[in-house]
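Under this note's numbering, the letters of the sequence shown match residues 4 to 175, in that order.
Note that beta-carbon positions come from the ideal geometry of N, C-alpha and C, so glycine has one too.
Notes to accompany the following structure.
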Amino acid sequence: SISKSLPCADDVVAQDAAGLPSIILTASEIFPFIPQREQKMDNSRILAGFLPPYEHAISLIDKYFESAVRIYLPVSSTQVNEHLIPRFYPLQFPLLPLALQEQDVLDLALLFSIFVAGSIFAAPQCRPEQECRRFLHLARAALAFGRVIENGSFSAVQAVFILGTLEYVVGC
Numbered sequence: 004s005i006s007k008s009l010p011c012a013d014d015v016v017a018q019d020a021a022g023l024p025s026i027i028l029t030a031s032e033i034f035p036f037i038p039q040r041e042q043k044m045d046n047s048r049i050l051a052g053f054l055p056p057y058e059h060a061i062s063l064i065d066k067y068f069e070s071a072v073r074i075y076l077p078v079s080s081t082q083v084n085e086h087l088i089p090r091f092y093p094l095q096f097p098l099l100p101l102a103l104q105e106q107d108v109l110d111l112a113l114l115f116s117i118f119v120a121g122s123i124f125a126a127p128q129c130r131p132e133q134e135c136r137r138f139l140h141l142a143r144a145a146l147a148f149g150r151v152i153e154n155g156s157f158s159a160v161q162a163v164f165i166l167g168t169l170e171y172v173v174g175c
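What follows is the structure in C-alpha cells.
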C-alpha cells in the first residue's frame, strides 16, 4: 500500500511548528475561514519570508515529482518551471516579502503545498522533518490570507487537492 512507504501519520501530526509567527499559526488553524481583513496583505507578505533557499526548493520540487506517480498530484512540471519558480525565485533567490503581490498569495499556497509533499517524501521512514509541518502551516495560512473561498483560483484548487490527498494518505 502507498501509506506503508510514507512517513507515519502520527509522527507528522505530532511535530511542532516552532519558528512561525502566531499570525501564521492562527491563520493555518482557522483555515478555510478568513483572518482579520485589515492586515491581510502585510500578513501575506510574512509568508514569502519563509521560502526556503532556491537549491532546497528545487530539491523538494524534485521529490514531489518523483513521488507524484505514487499518488495523483495535479501539478505539471511546466506549471512549476514556467510560472511558480520564476515568480517566487527570481534570479534563483527567494522573492523579497515586499515584492509579493496580492494575486500571488494563492500561487504561493500551491508552492508551499508542493513543499509539504516534497518534504514528506524526502523524510526518512516514520521520522518526518519538522519542515513538513512548517510548510503545511504556511500553505494553509496562504490559502486563508488569499481568501480561497472568495477568490478561488486554479492554483488554490490544486493546493487544496494536494493538501487533502496528503491528509487522506499520510494523515498530515
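- A Cβ-Cβ contact shorter than 8 angstroms links serine 158 with leucine 109.
- Glutamate 105 and phenylalanine 115 have their C-alpha atoms roughly 16 angstroms apart.
- The region 44-57 makes no contact with the region 158-170: fewer than 3 CB pairs, one atom from each, lie closer than 8 angstroms.
- Counting only residues of its own chain and dropping the five nearest sequence neighbours on each side, proline 77 has a CB closer than 6 angstroms to the CB of Gln161 and Phe164.
- Look at arginine 136 here: in three-state DSSP terms it is helix.
- Cβ-Cβ distances below 8 angstroms link arginine 90 to Leu98, Asp107 and Asp110 in the same chain, with the five nearest sequence neighbours on each side left out; the list follows chain order.
- With respect to the 8 angstroms criterion, phenylalanine 36 and leucine 146 are not classified as neighbours on the basis of their beta carbons.
- Contact between glycine 149 and alanine 102 is absent: CB atoms are separated by about 16 angstroms, not below the 8 angstroms threshold.
- Between alanine 125 and serine 80, the alpha-carbon positions lie close to 18 angstroms from each other.
- Taking a C-beta distance under 8 angstroms as the contact criterion, tyrosine 67 and glycine 155 do not qualify as a contact pair.
- The Cβ atoms of phenylalanine 138 and valine 119 lie closer than 8 angstroms to each other.
- Around the beta carbon of glutamate 134, 16 or more other beta carbons sit within 10 angstroms, so the residue counts as buried.
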